[in-house]
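Novice: Can you read through this structure? Questions will come right after.
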Amino acid sequence: MATKRDETEWAGHFRQVGCRDLREYLAWCEANGVRATTRKTPGERRQEVTLFERRRHESVLKAARQFERHPETVLRELANLRMPENARHRPYLNHLYGRFHDIRNSRHLKEAFLRLLLVTHPFKGFQGCDAVIARYAGSLYANALLAMACRHADWVRTPETWTPQGTNPRRLFRDLAAHLFCRYPPPEFLDTAWFAPMKDAARPAQDCFIGVGNGVSLRSLPVPFTLTKRMAHLALTAVPPNCTVEEGWRWAQVLGMGGNERLAQAIIATPLGAEFREEPFWETVVRFFVDNPMLHPSQVGPLVDYLRYERYTPRRAGENDRLPPNFTMKGRTAAALLARMERWHRHLSIARTFVVESWEPSGIAGFTHETRDSRDPERKLRWTVGEITTGRGLALEGRAMSHCVATYAAHCARGTVSVWSLQADSSRFVEPARVMTIAVNRNRAITEARGRRNALPSPKSVRGSSGYARLSAEEERLLSEGCDVVARWAAAEGLSLPSYLTA
1367 MATKRDETEW
1377 AGHFRQVGCR
1387 DLREYLAWCE
1397 ANGVRATTRK
1407 TPGERRQEVT
1417 LFERRRHESV
1427 LKAARQFERH
1437 PETVLRELAN
1447 LRMPENARHR
1457 PYLNHLYGRF
1467 HDIRNSRHLK
1477 EAFLRLLLVT
1487 HPFKGFQGCD
1497 AVIARYAGSL
1507 YANALLAMAC
1517 RHADWVRTPE
1527 TWTPQGTNPR
1537 RLFRDLAAHL
1547 FCRYPPPEFL
1557 DTAWFAPMKD
1567 AARPAQDCFI
1577 GVGNGVSLRS
1587 LPVPFTLTKR
1597 MAHLALTAVP
1607 PNCTVEEGWR
1617 WAQVLGMGGN
1627 ERLAQAIIAT
1637 PLGAEFREEP
1647 FWETVVRFFV
1657 DNPMLHPSQV
1667 GPLVDYLRYE
1677 RYTPRRAGEN
1687 DRLPPNFTMK
1697 GRTAAALLAR
1707 MERWHRHLSI
1717 ARTFVVESWE
1727 PSGIAGFTHE
1737 TRDSRDPERK
1747 LRWTVGEITT
1757 GRGLALEGRA
1767 MSHCVATYAA
1777 HCARGTVSVW
1787 SLQADSSRFV
1797 EPARVMTIAV
1807 NRNRAITEAR
1817 GRRNALPSPK
1827 SVRGSSGYAR
1837 LSAEEERLLS
1847 EGCDVVARWA
1857 AAEGLSLPSY
1867 LTA
């Protein structure tokens, strides 16, 4: 009689050879000339997995060759919802089939999408299945082309008259978007509107791209806050091209109010760089930061976290030190607000009771990676990214890292966010070093990544630029090196990264 362990092992083996159950597995065995039975040794199972991987790679290679030799034929078959032989083994073609299936009832939209695919297929950079814009999950070139096809009524030129220059896919896409919709070149950050998730919030950003590209005043377009003339000018001329649309608006807002680029970078690294909920209030928060230029940028993130806690966390009995509901920033000083924030942090660090004790894992896998220890090349550093699934674990992480991650417990329990700890271990450490705390939302986007004392990580380790002045040399080095580990984990799990981790 099969044990529970045997059933689990065989279920795992079925998945390894691309089968869902015993019936499919036996059919696969017969088709591939191996014994159709479950009485097999571990060595036989390993040989079957090797055989499956070899056949799968052969199918992928065959599909790639077929697409390279007859790309137009393959694309037209996909548009007619016919999957060419072996195409399902190539992720890009499988993805295109799904997109055509989604729009199967709109003939004009299918035609527009097909025309865009036909003019971009010579460029292999367009055929990837990795996110192009780190902030946006699912931001593939294919999805962006579909978004442009959805606005085919706004085209001012046809795709067939486009003359591509160069081979860089990002520049080619930007040039194609401008060719289709614009008579004048729009600011580069606006083209991320086509990569944004296809929801109501994406259309106003696309309207801005089209409007600016046709000479419409930016101040008359659907920007999420009221633009001054100076903000509009800075949005057109001073926003870095690697910003998303939301980050670009916030960047122009900060500079338009009189802030500098260092402050703008610190603000877009917080949730304010991705959302505009209750914007009239948060606009006063941005003004507060601008009016307090001596406030170190490393304090921006913690203060935003504290204000979000005061604004959105329900009040419980006995919490007498909270700000009043619907508080404003009027009359508040930086010193008083920092003192409140520090008291809040101290309260979190000594809290021993947890409203939420534990919750289910998010389903995202952890990660391990080994590198050479840059301080002692003879040793290895073992990096781990592990999920925190208890209130006690969050409190320990917050105390060790001197930040407020303990406040995320309720959000973790609701499944809206998961929290992860990046740690590094070496034979020269007494215990693993906590390097970075990471928050991931339900859309598989990394929304926060902070080192000890809320230091903002950056692949370019410049002491003092992102709060590193508050870290030891060892902490600074590990935080900088940890960015590459987080990027590897994000790539393995399909997570999107904030801009400060990809700089």
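First residue of the sequence shown: 1367, per the working numbering; consecutive thereafter. All C-beta atoms, glycine included, are put in the ideal place defined by N, C-alpha and C. As the structure is a computational prediction, the values presented were derived from the model and not from experiment.
Taking just the CA atoms, how far does residue 1467 sit from residue 1522?
Specialist: The residue you call residue 1522 lines up with position 156 of the sequence shown. The residue you call residue 1467 lines up with position 101 of the sequence shown. Approximately 27 Å, taken between the alpha carbons.
Novice: Measure the C-alpha to C-alpha separation of residue 1537 and residue 1408 and round it to an integer number of angstroms.
Specialist: As a working mapping, residue 1537 is identified with position 171 in the sequence shown. As a working mapping, residue 1408 is identified with position 42 in the sequence shown. Approximately 50 Å between the Cα atoms of the pair.
Novice: Considering only residues of the segment 1620-1649, which uninterrupted alpha helix (DSSP H) runs meet the minimum length of 4 residues and lie entirely inside it, listed in chain order?
Specialist: 1627-1634
Novice: If you measure between the beta carbons of residue 1761 and residue 1783, is that distance less than 8 Å?
Specialist: For the purposes of this step, residue 1761 is taken as residue 395 along the sequence shown, with counting starting at 1. For the purposes of this step, residue 1783 is taken as residue 417 along the sequence shown, with counting starting at 1. Against a cut-off of 8 Å, the Cβ pair of residue 1783 and residue 1761 comes out as no contact.
Novice: Contact defined as beta carbons within less than 8 Å: I believe residue 1484 pairs with residue 1438. What is the distance between those atoms, to the nearest angstrom?
Specialist: Within the sequence shown, numbered from 1, the residue matching residue 1484 stands at position 118. Within the sequence shown, numbered from 1, the residue matching residue 1438 stands at position 72. With 8 Å as the limit, residue 1484 and residue 1438 qualify as a contact, their Cβ atoms being about 6 Å apart.
Novice: I need the boundaries of the alpha helix (DSSP H) containing residue 1438, first residue and last residue.
Specialist: Counting from one through the sequence shown, the residue named residue 1438 turns up at place 72. Looking at the DSSP string, the run of the alpha helix (DSSP H) that includes residue 1438 is 1437-1445.
Novice: Within the chosen definition, does the segment 1742-1760 reach the segment 1722-1729 through at least 3 CB pairs nearer than 8 Å?
Specialist: yes
Novice: Taking all protein chains shown into account, do 16 or more other C-beta atoms lie within 10 angstroms of the C-beta of residue 1450, making it buried, or fewer, making it exposed?
Specialist: Numbered from its first residue, the sequence shown carries residue 1450 at position 84. Label assigned to residue 1450: buried.
Novice: Using only the alpha-carbon positions, how far apart do residue 1446 and residue 1515 sit?
Specialist: Residue 1446 sits at position 80 when you count from the first residue of the sequence shown. Residue 1515 sits at position 149 when you count from the first residue of the sequence shown. Cα-Cα distance, rounded: 17 Å.
Novice: Is the distance from the Cβ of residue 1500 to the Cβ of residue 1863 below 8 Å?
Specialist: By one-based count along the sequence shown, residue 1500 stands at place 134. By one-based count along the sequence shown, residue 1863 stands at place 497. Going by beta carbons, residue 1500 and residue 1863 fall inside the 8 Å limit.
Novice: Is residue 1673 closer than 8 Å to residue 1651 when the C-beta atoms are compared?
Specialist: Along the sequence shown, one-based indexing puts residue 1651 at 285. Along the sequence shown, one-based indexing puts residue 1673 at 307. In contact: residue 1651 and residue 1673 (Cβ atoms closer than 8 Å).
Novice: Suppose contacts are defined by Cβ-Cβ distances below 8 Å. Is residue 1539 in contact with residue 1505 by that definition?
Specialist: Position 173 of the sequence shown holds residue 1539. Position 139 of the sequence shown holds residue 1505. No, Cβ-Cβ distance for residue 1539 and residue 1505 is not below 8 Å.
Novice: What residues are listed by DSSP as bridge partners for residue 1787?
Specialist: In the sequence shown, residue 1787 corresponds to position 421, counting from 1. Answer is 1752, 1803.
Novice: In whole angstroms, give me the CA-to-CA distance for residue 1482 and residue 1645.
Specialist: Taking the first residue of the sequence shown as position 1, residue 1482 is located at position 116. Taking the first residue of the sequence shown as position 1, residue 1645 is located at position 279. Residue 1482 and residue 1645: Cα-Cα distance of roughly 37 Å.
Novice: For residue 1551, which residues of its own chain have a beta-carbon under 8 Å away from its beta-carbon, when the five flanking residues on both sides are left out?
Specialist: Locating residue 1551 in the sequence shown gives position 185, where the first residue counts as 1. Its chain contains 1544, 1579 as the residues whose beta carbon lies nearer than 8 Å to that of residue 1551, once the 5 sequence neighbours on both sides are disregarded; these appear in chain order.
Novice: Since residue 1634 and residue 1655 should fall inside the 8 Å C-beta cutoff, what is the C-beta to C-beta distance between them, to a whole number of angstroms?
Specialist: By one-based count along the sequence shown, residue 1634 stands at place 268. By one-based count along the sequence shown, residue 1655 stands at place 289. 12 Å between Cβ atoms; not a contact.
Novice: Can you tell which of 1788, 1810, 1616 has the C-alpha that lies nearest to the C-alpha of residue 1763?
Specialist: As a working mapping, residue 1763 is identified with position 397 in the sequence shown. From the listed residues 1788, 1810, 1616, the smallest Cα separation to residue 1763 is found for 1788.
Novice: Need the endpoints of the beta strand (DSSP E) that residue 1479 sits in, please.
Specialist: Translated into positions along the sequence shown, residue 1479 becomes position 113. That residue, residue 1479, is in no beta strand (DSSP E); its alpha helix (DSSP H) goes 1473-1486.
Novice: Considering only their Cβ atoms, is the gap separating residue 1817 from residue 1861 smaller than 8 Å?
Specialist: By 1-based counting over the sequence shown, the position of residue 1861 is 495. By 1-based counting over the sequence shown, the position of residue 1817 is 451. Going by C-beta atoms, residue 1861 is not nearer than 8 Å to residue 1817.
Novice: Give the C-beta separation of residue 1629 and residue 1669 to the nearest angstrom, bearing in mind that I take them to be a contact with Cβ-Cβ under 8 Å.
Specialist: Residue 1629 sits at position 263 when you count from the first residue of the sequence shown. Residue 1669 sits at position 303 when you count from the first residue of the sequence shown. In fact, because the Cβ distance is near 12 Å, the residues do not count as touching under 8 Å.
Novice: Tell me the residue span of the alpha helix (DSSP H) that contains residue 1467.
Specialist: Reading the sequence shown from its first residue, position 101 is the one you call residue 1467. From DSSP, the alpha helix (DSSP H) with residue 1467 extends over 1457-1468.
Novice: Rounding to the nearest angstrom, what Cα-Cα distance links residue 1775 and residue 1713 in this structure?
Specialist: Indexing the sequence shown from 1 puts residue 1775 at position 409. Indexing the sequence shown from 1 puts residue 1713 at position 347. Going from the Cα of residue 1775 to the Cα of residue 1713 covers about 15 Å.
Novice: Could you check if residue 1465 is buried or exposed, using at least 16 other CB atoms within 10 Å of its CB as the buried criterion?
Specialist: Counting from 1 along the sequence shown, the entry for residue 1465 is found at position 99. When all chains shown are included, residue 1465 counts as buried.
Novice: Report yes or no: do the segment 1528-1536 and the segment 1576-1592 share at least 3 C-beta pairs separated by less than 8 Å?
Specialist: Between the segment 1528-1536 and the segment 1576-1592, the count of C-beta pairs closer than 8 Å stays below three; the two stretches do not touch.
Novice: Could you tell me if residue 1631 is buried or exposed, where buried requires 16 or more neighbouring beta carbons within 10 angstroms of its beta carbon?
Specialist: Here residue 1631 corresponds to residue number 265 of the sequence shown, with the count starting at 1. By the Cβ-count criterion, residue 1631 is buried, with 16 or more other Cβ atoms from all chains shown falling within 10 Å of its own Cβ.
Novice: When you compare only the Cα positions, how much space is there between residue 1830 and residue 1415?
Specialist: By 1-based counting over the sequence shown, the position of residue 1830 is 464. By 1-based counting over the sequence shown, the position of residue 1415 is 49. Any reading at residue 1830 is ruled out, since the residue's pLDDT is 42, under 50, leaving its predicted position unreliable.
Novice: Where does residue 1718 sit, in a helix, a strand or coil, going by DSSP?
Specialist: Residue numbering aside, residue 1718 sits at position 352 when the sequence shown is read from its first letter. The pLDDT assigned to residue 1718 is 48, lower than 50, so where the model puts this residue is not dependable, and the model offers no usable value.
Novice: What did DSSP end up calling residue 1584 once you bin it into helix, strand or coil?
Specialist: Working through the sequence shown from its first residue, we reach residue 1584 at position 218. The answer is helix: DSSP assigns residue 1584 an H, G or I state.
Novice: According to the Cβ coordinates, are residue 1619 and residue 1575 closer than 8 Å?
Specialist: Stepping through the sequence shown from its first residue, residue 1619 is reached at position 253. Stepping through the sequence shown from its first residue, residue 1575 is reached at position 209. Taking 8 Å as the Cβ cut-off, residue 1619 and residue 1575 do not qualify as a contacting pair.
Novice: Drop a sphere of 10 angstroms on the beta-carbon of residue 1378, count the other beta-carbons inside from all chains shown, and report buried for 16 or more, exposed for fewer.
Specialist: As a first step, residue 1378 must be located in the sequence shown, where it is residue number 12. It is exposed - the Cβ of residue 1378 has fewer than 16 other Cβ atoms within 10 Å.
Novice: Roughly how many whole angstroms lie between the Cα atoms of residue 1797 and residue 1840?
Specialist: Against the sequence shown, residue 1797 aligns to sequence position 431. Against the sequence shown, residue 1840 aligns to sequence position 474. C-alpha separation (whole angstroms): 14 Å.
Novice: Measure the alpha-carbon distance for residue 1852 versus residue 1815 and round it to whole angstroms.
Specialist: By one-based count along the sequence shown, residue 1852 stands at place 486. By one-based count along the sequence shown, residue 1815 stands at place 449. In a straight line, the C-alpha of residue 1852 is about 9 Å away from that of residue 1815.
Novice: Between residue 1679 and the rest of its own chain, which residues show a CB-CB distance below 6 Å, the 5 nearest in sequence each way excluded?
Specialist: In the sequence shown, the residue the question calls residue 1679 occupies position 313. Correct list: empty, nothing qualifies.
Novice: Run through DSSP, which three-state label would residue 1404 get?
Specialist: Reading the sequence shown from its first residue, position 38 is the one you call residue 1404. Coil, per DSSP.
Novice: Between residue 1690 and residue 1773, what straight-line distance do the alpha-carbon atoms span, to the nearest angstrom?
Specialist: Residue numbering aside, residue 1690 sits at position 324 when the sequence shown is read from its first letter. Residue numbering aside, residue 1773 sits at position 407 when the sequence shown is read from its first letter. Residue 1690 and residue 1773 have their C-alpha atoms some 19 Å from each other.
Novice: DSSP state of residue 1782, grouped into three classes?
Specialist: Translated into positions along the sequence shown, residue 1782 becomes position 416. Three-state result, residue 1782: coil.
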